[in-house]
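Before any comments, here is the structure.
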Amino acid sequence: MTKKNIIQAKNLTIGYDENILMKNISFDIHKGDVFIIMGGSGCGKSSLLRVLTGLMPPQSGHVWIDSKNFTNASQQERDEIMKKCGILYQSGALFSSMTLAENIALPLQQYTDFSKSTIDDLVSLKLALVGLKGFEDFYPSEISGGMKKRAGLARALALDPEIVYFDEPSAGLDPVSSKLLDDLIIDINQSLDTTIVVVTHELNSIFSIGTNSIFLDKNNKGISGYGNPKELLKNPPNETIKQFLTRGEGK
Amino acid sequence: MTLLFDIQNNILSLCLKGDYVGYENEREKSSLMQIITSKKISTINIDAKHLKKWDSTLVVILFTLSNLAQSKKIKITLHHFPKELERLLKLALTVDQKKPSPTKNNLSFIDMIGLWGINVYHSARMGVNFIKKTFGAIGRLITGRAIMRKVDFLFALQDCGWKAIPIVSLISFMVGLILAFVGAVQLKLFGAQIYVASLVTIGMTRIMGAIMIGIIIAGRTGASYAATIGTMQVNEEIDALKTMGIPTTDFLVLPRFLALVLTMPFLTMWADFMGMIGGGTVSILMLDIVPQEYVRYSINAFNLDNFLVGIFHGLVFGCVIALCGCYYGINCGRDADSVGIATTKSVVSAIVWMIVMTGIITLACEVIGV
Ligand SMILES: Nc1ncnc2c1ncn2[C@@H]1O[C@H](COP(=O)(O)OP(=O)(O)OP(=O)(O)O)[C@@H](O)[C@H]1O
Ligand SMILES: [Mg+2]
């Protein structure tokens, strides 16, 4: 059975002016995958994510989401597509002038016609899902970094997205919280068949959650590994990936 | 602690002997580097057999030496190096080999002017686009399609409204006071100190009230807009808004813009009033003018045209300050430094544009004869 492609990157070139980070890269993300984007620091993972979510145009090439050309889409079509996507930013990116409940309610108010009481119930549910039951009236400045991340995830999940993007979900979390977040990612992936795209360096996460991955290589400005991370570890296609996946110990 | 070396058959041998702690001998260093650059050398041998204590000052020398050798394709061999030193050196030499993006330092004068012109053109276009977007958002607000939270608007209104009253009162009171003082010195010569009342009234209502308010609010509210929105950029909140399909102009700019544009005329009126009170204080306490007289002359000098021109200035300044603050906030970079820069730029450009607008309004008034 071949799985449906939900995100397709076709010949993307990514960079800032003359500083080209990735040249002509293509890859497909299947529906229901937990797709890992890995690579050394500064190789352009966050930039790639910004291109995939439409925050930055690629220098050339296209991103297709759900068989629609996302890169060339009009603002309206883009909003329509983004409605199906949730994003968890590196810092949570909660709006600091709003309570957690208001933060999570915002996309619901924006995209649905639900009544206020329905929205309130949905907000409570999403907060409970990420283990923040009862924190509705807290402001982002009143909770810890890990809680902010989880609240950010609750907001990303508000509209039951088909795709959720994560930028370094475990950065700045203690090992236990980071494990909990990984479990949460798997739960979301399996219970709702959500496609998950994760940028991470965390080897533990890569192996425990990843079903498919690409490895971005700074030296040849392209993808130097593509496949299930466990397979990549077994048969590393090149030395760089081997070094990365074994923390440089796999001599 | 010396850099001993000798050269034989294009081979330079450097011997490290004793302690190199806090080593700082520019002369020796430069003579060594000079020899390497000027003489034909194929290999450098460094022997650390007799090296005892060392710190980063030695590593720096070896690092510079290695870089120099690399660029001149000279081979370096290390002998008897302590393991830590060798590792440190290796680490320093193998960091990110990515070429830094080309620096544009040595441009010719003509190129520089051209580049400057292009930059100005781009910023002008961005600015105009931003203004267009803001007015588009106002249009959406009127047709009821803008996504703006009422709370944000009320909060902004409160912040630039009554919370600004104390500072506005103080400054305009002082300005009225100063106007009266300076005027009185001259008017007294003619025994015409009663006209201080007219001077203060006309001065404050026509322009001084609006200008002072403009400068205070640019520093107080405009800067806070830039800093708040800039910090949101750093925290990826703006990214989150964009990907949620919420236009930043609706959500962030509109409430702030409206609040400022609505309050500025009232603040200007209040400043006019406080200025007159300041002038009156000087007149009554120092110039022995009877309060009733001061009031009478003030009312006589009060001219509706002047007053309305002043209010109009306030309105325009409100637009300018809000646009500058929000524009620099939204176009802020992604680090703490950029927020500082955005704040500074917003205040400076708001003041510059206020002066420009004052010039334009004054000219227009001249033409239509107000
Ligand atoms: N706004 C920008 N303007 C110009 N260059 C940028 C910008 N953002 C990033 N870069 C450059 O792009 C490169 C890649 O940045 P990016 O944030 O995508 O890396 P990353 O792979 O996410 O790294 P990390 O793992 O450290 O987060 C960096 O070397 C940086 O110099
Ligand atoms: Mg990153």
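Line order of the protein sequences matches chains A and B.
Count the first sequence with my numbering and you get residues 1 to 251, in order.
Count the second sequence with my numbering and you get residues 252 to 621, in order.
C-beta atoms are modelled at their ideal positions from N, C-alpha and C, and glycine is treated no differently.
Values in this document were obtained by computation on a predicted structure and should not be read as measured data.
For this session: Starting from the C-beta of residue 12 of chain A, find all residues in its chain whose C-beta is less than 6 Å away, skip the five residues before and the five after it, and write them out in chain order.
Result: The sequence position of residue 12 of chain A within the first sequence is 12, counting from 1. Cβ within range, chain order: 25, 58 and 61.
Exercise. Nearest to residue 553 of chain B by CA position, among B:438, B:608, B:602 and B:453, is which residue?
Worked result: For the purposes of this step, residue 553 of chain B is taken as the residue at position 302 of the second sequence. If we check each option's Cα against that of residue 553 of chain B, B:453 comes out closest.
Exercise. What are the residues that DSSP puts in a beta bridge with residue 199 of chain A?
Worked result: Within the first sequence, the letter at position 199 stands for residue 199 of chain A. According to DSSP, which records beta bridges pairwise, residue 199 of chain A is partnered with A:37 and A:167.
Exercise. Quick one: what does DSSP say residue 426 of chain B is sitting in, helix, strand or coil?
Worked result: In the second sequence, counting from the first residue as 1, residue 426 of chain B sits at position 175. If DSSP states are grouped into helix, strand and coil, residue 426 of chain B belongs with the helices.
Problem set entry | Whole-angstrom distance between residue 578 of chain B and residue 383 of chain B, CA atom to CA atom | For the purposes of this step, residue 383 of chain B is identified with residue 132 of the second sequence, where counting begins at 1. For the purposes of this step, residue 578 of chain B is identified with residue 327 of the second sequence, where counting begins at 1. Each residue's alpha carbon lies about 12 Å from the other.
Exercise. Say the cut is 7 Å; is the CB of residue 234 of chain A nearer than that to a heavy atom of ligand 2?
Worked result: The count along the first sequence starts at 1 and reaches residue 234 of chain A at position 234. Residue 234 of chain A Cβ: outside cutoff for every heavy atom of ligand 2.
Exercise. Are at least three pairs of beta-carbons, each pair with one atom in the segment 282-294 of chain B and one in the segment 309-329 of chain B, less than 8 Å apart?
Worked result: yes
Exercise. Checking contacts by CB at 8 Å: is residue 337 of chain B closer than that to chain A?
Worked result: Along the second sequence, read from residue 1 onward, the residue named residue 337 of chain B stands at position 86. No, its Cβ sits nowhere closer than 8 Å to a Cβ of chain A.
For this session: Evaluate the contact criterion for the segment 581-598 of chain B versus the segment 516-533 of chain B: three or more CB pairs, one atom per stretch, below 8 Å.
Result: no
For this session: Look up residue 265 of chain B in the DSSP assignment and give the residues it is bridged to.
Result: Residue 265 of chain B sits at position 14 when you count from the first residue of the second sequence. Residue 265 of chain B is bridged to B:256 and B:297.
Exercise. Ligand 2 heavy atoms versus the CB of residue 46 of chain A: any closer than 7 Å?
Worked result: Within the first sequence, residue 46 of chain A is the residue found at index 46, counting from 1. Yes - ligand 2 has a heavy atom lying nearer than 7 Å to the Cβ of residue 46 of chain A.
Exercise. Should residue 455 of chain B go down as buried or exposed, given a rule of 16 or more other Cβ atoms within 10 Å for buried?
Worked result: Position 204 of the second sequence holds residue 455 of chain B. Classification of residue 455 of chain B: buried, given that the 10 Å Cβ count is 16 or more.
Problem set entry | Inter-stretch contact (C-beta, 8 Å, three-pair minimum) for the segment 76-84 of chain A and the segment 478-492 of chain B | no
Exercise. Below 8 Å between beta carbons: does that hold for residue 37 of chain A and residue 163 of chain A?
Worked result: To locate residue 37 of chain A, count along the first sequence from 1; it is residue 37. To locate residue 163 of chain A, count along the first sequence from 1; it is residue 163. The answer is no: Cβ separation not under 8 Å.
Exercise. In terms of DSSP beta bridges, what is residue 463 of chain B paired with?
Worked result: Translated into the one-based positions of the second sequence, residue 463 of chain B becomes position 212. Beta-bridge pairing links residue 463 of chain B to no other residue.
For this session: Flag residue 179 of chain A as yes if its beta-carbon sits less than 8 Å from any beta-carbon of chain B, otherwise no.
Result: As a position in the first sequence, residue 179 of chain A is number 179, starting the count at 1. By this cut-off, residue 179 of chain A is not an interface position.
Problem set entry | Contact list for residue 84 of chain A against chain B, beta-carbon separation under 9 Å | Taking the first sequence and counting its residues from 1, one reaches residue 84 of chain A at position 84. Ordered by position in chain B, no residue passes the 9 Å Cβ test against residue 84 of chain A, which lies about 11 Å from the chain.
For this session: Could you tell me how far apart the beta carbons of residue 205 of chain A and residue 170 of chain A are, in whole angstroms, since I believe they sit closer than 8 Å?
Result: Taking the first residue of the first sequence as 1, we reach residue 205 of chain A at position 205. Taking the first residue of the first sequence as 1, we reach residue 170 of chain A at position 170. At roughly 6 Å, the Cβ-Cβ gap stays under 8 Å, so residue 205 of chain A and residue 170 of chain A are in contact.
Problem set entry | Start-end ranges of the beta strand (DSSP E) lying completely within the segment 50-129 of chain A, minimum 3 residues | 60-65 and 85-88
Exercise. Near residue 154 of chain A, which residues of its chain fall below 6 Å by C-beta distance, leaving aside the five closest residues on each side in sequence?
Worked result: Position 154 of the first sequence, counted from the start, is the residue given in the question as residue 154 of chain A. Correct list, in chain order: 104, 126, 127 and 130.
Problem set entry | Among B:608, B:396 and B:408, nearest to residue 111 of chain A - alpha-carbon criterion | Within the first sequence, the letter at position 111 stands for residue 111 of chain A. Ranking the options by Cα distance to residue 111 of chain A, first place goes to B:396.
Exercise. For residue 220 of chain A, does the count of other Cβ atoms within 10 angstroms reach 16, so buried, or fall short, so exposed?
Worked result: Within the first sequence, the letter at position 220 stands for residue 220 of chain A. Counting Cβ neighbours within 10 Å, residue 220 of chain A comes out exposed, since fewer than 16 surround it.
For this session: Indicate, with yes or no, if ligand 1 has a heavy atom lying under 7 Å from the CB of residue 585 of chain B.
Result: Walking along the second sequence from the start, residue 585 of chain B turns up at place 334. The answer is yes for residue 585 of chain B.
Problem set entry | Start and end residues, beta strand (DSSP E) containing residue 12 of chain A | On the first sequence, residue 12 of chain A is found 12 positions in, with the first residue counted as 1. Where residue 12 of chain A is concerned, the enclosing beta strand (DSSP E) stretches over 5-16.
Exercise. Would you say residue 255 of chain A faces chain B, with C-beta separation under 8 Å as the test?
Worked result: No statement about residue 255 of chain A is possible, as the shown extent of chain A runs from 1 to 251 and does not include it.
Exercise. How is residue 363 of chain B classed by DSSP in three states: helix, strand or coil?
Worked result: By one-based count along the second sequence, residue 363 of chain B stands at place 112. DSSP places residue 363 of chain B in helix when its eight states are reduced to three.
Exercise. Counting Cβ pairs, one atom from each stretch, are 3 or more of them under 8 Å apart for the segment 253-262 of chain B and the segment 223-241 of chain A?
Worked result: no
For this session: Using 10 angstroms around the beta-carbon of residue 376 of chain B, count the other beta-carbons present and answer buried if the total reaches 16, otherwise exposed.
Result: Position 125 of the second sequence, counted from the first residue, corresponds to residue 376 of chain B. So residue 376 of chain B counts as exposed.
Exercise. So, using beta-carbon positions, are residue 610 of chain B and residue 464 of chain B closer together than 8 Å?
Worked result: On the second sequence, residue 610 of chain B is found 359 positions in, with the first residue counted as 1. On the second sequence, residue 464 of chain B is found 213 positions in, with the first residue counted as 1. No, the pair does not count as a contact, with Cβ atoms beyond the cut-off.
Problem set entry | Interface partners of residue 490 of chain B on chain A, CB under 7 Å | Position 239 of the second sequence holds residue 490 of chain B. Those within 7 Å of residue 490 of chain B in chain A are 55, 89 and 93.
Exercise. Going straight from the alpha carbon of residue 448 of chain B to that of residue 516 of chain B, what length do you get?
Worked result: Position 197 of the second sequence, counted from the first residue, corresponds to residue 448 of chain B. Position 265 of the second sequence, counted from the first residue, corresponds to residue 516 of chain B. Answer to the nearest angstrom: the Cα atoms are 23 Å apart.
Problem set entry | Residues, ordered as in the chain, of the segment 475-501 of chain B that lie near chain A by beta-carbon distance below 7 Å | 486, 487, 488, 490, 491, 493, 494, 495, 496 and 497
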